[in-house]
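Residue numbering for the sequence shown follows our numbering, beginning at 66 and increasing consecutively.
Yeah, the Cβ is synthetic: ideal placement off N, Cα and C, and Gly gets one too.
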Amino acid sequence: MSLSAIFSAGSRANTETKLFPRLQDVVLRTWDLGFTSFGGPPVHFQIFHRRFVDGMGKTPWIDEQIYQELFAICQALPGPASTKMVFSIAHIHAGFLPALFVFLIWSLPGALGMFGLALGIQRVGEVLPDPVYALLSGLNAATVGIIALAAVQLARKAITDKLTRALVVFGGCAGLCYNALWYFPVLMVIGGAATVAWDCWMKGRVYEIKEKRRRRRSEPREMEENVVVPVDVAYDSASTTQRRQASAPSTRGGSQEVVNVLLPAPTPKHGIPVMWGVLTIIGFFISFITFMVIRGALKNAPLALSLFNNMYLAGTVIFGGGPVVIPLLREYVVEPGWVSPRDFLLGLALIQAFPGPNFNFAVYLGGLTLSKSSTILGAAVGFLGIFLPGLVLSVGFQSLWDALRKRRSVVSLLRGVHAAAVGLVFTAVYRLWEIGYLTAEESSGVSLAKEPWWLVIAATTYAVVEWYGVAPAVAILGGGVAGLGWWGAVKR
Numbered sequence: 066m067s068l069s070a071i072f073s074a075g076s077r078a079n080t081e082t083k084l085f086p087r088l089q090d091v092v093l094r095t096w097d098l099g100f101t102s103f104g105g106p107p108v109h110f111q112i113f114h115r116r117f118v119d120g121m122g123k124t125p126w127i128d129e130q131i132y133q134e135l136f137a138i139c140q141a142l143p144g145p146a147s148t149k150m151v152f153s154i155a156h157i158h159a160g161f162l163p164a165l166f167v168f169l170i171w172s173l174p175g176a177l178g179m180f181g182l183a184l185g186i187q188r189v190g191e192v193l194p195d196p197v198y199a200l201l202s203g204l205n206a207a208t209v210g211i212i213a214l215a216a217v218q219l220a221r222k223a224i225t226d227k228l229t230r231a232l233v234v235f236g237g238c239a240g241l242c243y244n245a246l247w248y249f250p251v252l253m254v255i256g257g258a259a260t261v262a263w264d265c266w267m268k269g270r271v272y273e274i275k276e277k278r279r280r281r282r283s284e285p286r287e288m289e290e291n292v293v294v295p296v297d298v299a300y301d302s303a304s305t306t307q308r309r310q311a312s313a314p315s316t317r318g319g320s321q322e323v324v325n326v327l328l329p330a331p332t333p334k335h336g337i338p339v340m341w342g343v344l345t346i347i348g349f350f351i352s353f354i355t356f357m358v359i360r361g362a363l364k365n366a367p368l369a370l371s372l373f374n375n376m377y378l379a380g381t382v383i384f385g386g387g388p389v390v391i392p393l394l395r396e397y398v399v400e401p402g403w404v405s406p407r408d409f410l411l412g413l414a415l416i417q418a419f420p421g422p423n424f425n426f427a428v429y430l431g432g433l434t435l436s437k438s439s440t441i442l443g444a445a446v447g448f449l450g451i452f453l454p455g456l457v458l459s460v461g462f463q464s465l466w467d468a469l470r471k472r473r474s475v476v477s478l479l480r481g482v483h484a485a486a487v488g489l490v491f492t493a494v495y496r497l498w499e500i501g502y503l504t505a506e507e508s509s510g511v512s513l514a515k516e517p518w519w520l521v522i523a524a525t526t527y528a529v530v531e532w533y534g535v536a537p538a539v540a541i542l543g544g545g546v547a548g549l550g551w552w553g554a555v556k557r
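As structure tokens, then:
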């Protein structure tokens, strides 16, 4: 346990059993997240790391290893990854009810914004003014720069050896080549299997083979030295022992990363019993099967129920976040004729400019689906259906994690899942780049590469956030202003 964890444990001893102090603590640390967390999950993960691991001048909530474990788990479970991450961190630190409160703080500002957009888009004409397209394109270009920076920063933490470096490259390259509902989970499983095979079997075998080869090469030399100068044998043996000790991993300095990877961090204090966690998981799958049976059996189900079933299904089967949720939600709301293609694409462009989770897109789609009866009911149904599966599964698996995290094979598995998932973050950069440029003629979005100015905005955003410490939210808004400036200078 780190020193900061020891001191913070003592300082929280008086308040961690009382609900109100815990609620007060989480509100003071998270009240602004729902308003300032722009850029999507890759940026959100960096914000969470700075706030809850680094502490930003305050007591950290979790240490680096727990953060890396949670990152891998949240990527491996379905649903919105950044939402599960902030919920799980708060759950570990303060318990279930404060974590639920943090979830509302995190998600409601963006959800209310998307609800307002659903109300307003119903009164918008078919074609938007040109400055609006320039503004949206500038926001998208700046978001590309922010996501690229977040991907690089996440990769720095995920890469602990040559294998994880290869897995990051593998995840990024494989994620670019294909996109399907089942594909991203398979890539993460491959990454986890690779690290388990290496850490638990291949690494030891490779070391043995190297040792045998080294001994074979050294035996003739030792025999010759033994014949000529016997005293040197003892000296060579001692020096060989010293070399072996020098080449072995030390417990100090640079080897600290290896220790952090293999040893579990302190068990969290706030959790739920394993039995309740198992019952939660079982109850969720029973509810999922029930809703899917209703979805298939009722041909003329009420529209609100059909909307909830589709969103519940999407929240259960989506792995990989935004790159997967967009085409899936399009299939579930545009294909049935609930939302027009134009309104879907406008919402897709605007969600990039909203803070909080991108899954708030479901609030916008739900409001439009039930716009003829009750927009607010549709927004609430979309919100509940898309977020509920991921949160329920997070609670259930978190109770099992205390036992699983002590196993070396499980820790090794998460190391590979984490590296492959970070590689997938790079695919989000490419996918947004390819649809980020919006015009009246191309409202569905085309590549930002068609106009060099968008590359300037993306690169500048990357630089000012990385090297000059500009807040991501400010940089993204600056991208929108730069887009308007480009329109005024070139297109007006």
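- Counting the other Cβ atoms within 10 Å of the Cβ of phenylalanine 85 gives fewer than 16, which makes it exposed.
- Judged by pairs of C-beta atoms under 8 Å, the stretch 457-467 does not touch the stretch 201-221, as fewer than three such pairs exist.
- For aspartate 467, the enclosing alpha helix (DSSP H) covers residues 440-469.
- Here methionine 376 is near valine 446, since their CB atoms are less than 8 Å apart.
- With contacts defined as CB atoms closer than 8 Å, alanine 547 and glycine 236 fail to qualify as a contacting pair.
- If you ignore the 5 residues before and after methionine 179, its C-beta comes within less than 6 Å of the C-beta of Asn425, Val428, Tyr429, all in its own chain and listed in chain order.
- When secondary structure is reduced to three states using DSSP, valine 192 falls in the coil class, being assigned neither helix nor strand.
- About 27 Å separates the Cβ atoms of alanine 239 and tryptophan 519, ruling out a contact at the 8 Å cut-off.
- The continuous stretches of alpha helix (DSSP H) do not include aspartate 128, and DSSP gives it neither H nor E.
- Around tyrosine 527, the same chain offers Gly210, Ile211, Ala213, Leu214 as residues with beta carbons nearer than 8 Å, after the five sequence neighbours per side are excluded.
- Taking the C-beta atoms as reference points, alanine 444 is found nearer than 8 Å to glycine 432.
- Taking valine 475 as reference, the option from Phe113, Gln133, Ala159, Ala362 with the minimal CA-CA separation is Gln133.
- The three-state reading of DSSP puts tyrosine 502 in strand, counting E and B together.
- Minimum Cα-Cα distance from alanine 523 among the listed residues Val511, Ala536, Ala540 corresponds to Ala540.
- Around the CB of leucine 363, fewer than 16 other CB atoms lie within 10 Å, so the residue is classed as exposed.
- Valine 511 is bridged by DSSP to Tyr502.
- Assignment of tyrosine 243 by DSSP, reduced to helix, strand and coil, places it in the coil class.
- For a cut-off of 8 Å, the C-beta gap from glutamate 516 to tyrosine 533 is around 25 Å, too long to register as a contact.
- Contact holds between the stretch 139-151 and the stretch 96-111, because three or more Cβ pairs, one in each stretch, are under 8 Å apart.
- Note that the C-beta distance between valine 91 and phenylalanine 168 is not below 8 Å.
- It is roughly 20 Å from the alpha-carbon of tryptophan 552 to the alpha-carbon of glutamate 499.
- For glycine 99 against glycine 185, the beta-carbon gap comes to about 20 Å, at or over 8 Å, which does not count as contact.
- By the CB criterion at 8 Å, leucine 368 and glycine 510 fall outside the cutoff.
- Comparing C-alpha distances from glutamate 507 to each of Ala183, Ile170, Ser202, Trp96 shows the shortest one belongs to Ser202.
- Around isoleucine 451, the same chain offers Met376, Ala379, Gly380, Phe424, Ala427 as residues with beta carbons nearer than 7 Å, after the five sequence neighbours per side are excluded.
- Excluding the 5 residues flanking it on each side, valine 234 has same chain C-beta neighbours closer than 8 Å at Gly488, in chain order.
- Following the DSSP letters along the chain, one finds phenylalanine 152 inside the alpha helix (DSSP H) bounded by residues 146-159.
- Check the Cα spacing between leucine 135 and each of Gly550, Val535, Val482: the tightest is with Val482.
- In this structure, DSSP gives asparagine 374 a helical state, which the three-state scheme calls helix.
- Contact between tyrosine 198 and threonine 504 holds, since their C-beta atoms are separated by about 5 Å, short of 8 Å.
- In this structure, aspartate 264 lies near serine 477, with their beta-carbon atoms less than 8 Å apart.
- With fewer than 16 other Cβ atoms inside 10 Å of its own Cβ, tyrosine 243 counts as exposed.
- With contacts defined by Cβ atoms closer than 8 Å, isoleucine 354 and asparagine 374 do not form a contacting pair.
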